[in-house]
Amino acid sequence: MAEKQIKRIHWIPAFALQTLIIPLEITRNIRWYENILNTTSPFYIIALLFALYLHFQCWKAVYSVHARTTPFKAVVFLFIPFLDIYWGFISFSCLAKGLYQTSRDAEIAGVKDLSIWGIFYWISILVTVVMGSIRWINLIPLFASYTIWILFYKRMTQYANRIQS
257 MAEKQIKRIH WIPAFALQTL IIPLEITRNI RWYENILNTT SPFYIIALLF
307 ALYLHFQCWK AVYSVHARTT PFKAVVFLFI PFLDIYWGFI SFSCLAKGLY
357 QTSRDAEIAG VKDLSIWGIF YWISILVTVV MGSIRWINLI PLFASYTIWI
407 LFYKRMTQYA NRIQS
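So this is what it looks like as C-alpha cells:
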C-alpha cells in the first residue's frame with residue numbers, strides 16, 4: 257500500500273514576492289508624480305495571491321477541532337469590505353492559536369502560541385494601508401509589516417510542516 261505523500265508548505269516563494277514590493281514602493285515614493293500603479297499592480301496581485309495561498313495552506317494544517325473557521329473562510333472573508341478589518345484579527349491570530357493547540361495535541365515540542373504576532377501583523381497591515389498615501393512615511397509601516405510577516409509565517413509554516421509530518 258502506497259504511503260500518502262505529505263506536501264510541505266514553503267514560505268520562501270511568498271517571501272520572495274513580498275520582497276519585490278519594497279523596491280516598488282520606494283520607486284513609487286521617488287517618482288510620485290508618475291502613475292506607476294499600472295506597472296506595479298501585477299506584482300502586488302501576484303504577491304498577494306502567493307501570501308494568501310500560504311495562509312490557506314497553514315490553515316489546512318490546523319485540526320478541525322481547534323479551527324475557529326475553515327481555511328476557505330479564513331482567506332475569502334479577507335476580501336469582504338469592512339468585514340475584513342475585523343476578520344483579519346480572527347484569521348491571523350486564530351491561525352497561530354490553532355496551530356499551537358494542534359501541535360500540543362500532536363505532542364510536538366517547542367511550539368509557542370504566537371497569536372499576539374498575528375494581531376501585530378494585522379495591525380501593521382492596517383496601518384500600512386492607512387499610511388499608504390503619505391510619501392516616505394508609508395515605508396515605515398511597510399517595513400514593520402514585512403518584518404512581522406517574515407517572523408510570523410516562518411514559524412507558522414514550521415509548525416504546520418511539523419504537524420503534517
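The sequence shown begins at 257 in the numbering used here and counts up one residue at a time.
Glycine is no exception: its CB is placed at the ideal position from the N, C-alpha and C atoms.
| Query | Result |
| --- | --- |
| Alanine 400, DSSP secondary structure in three states | helix |
| Secondary structure, alpha helix (DSSP H): runs of 4+ residues fully inside the region 269-335 | 293-316, 327-332 |
| Environment of proline 279 [buried if 16+ CB atoms lie within 10 Å] | exposed |
| Helix, strand or coil at valine 367 [DSSP, three-state] | coil |
| Segment contact flag, the region 303-322 with the region 404-420, C-beta cutoff 8 Å, min 3 pairs | yes |
| Whether tyrosine 377 touches tyrosine 415 by CB criterion (9 Å) | no |
| Nearest residue (CA-CA) to alanine 323, options Tyr409, Phe338, Ser359 | Ser359 |
| Where the alpha helix (DSSP H) containing phenylalanine 348 begins and where it ends | 339-361 |
| C-beta contact flag for proline 327 and phenylalanine 312 at 9 Å | yes |
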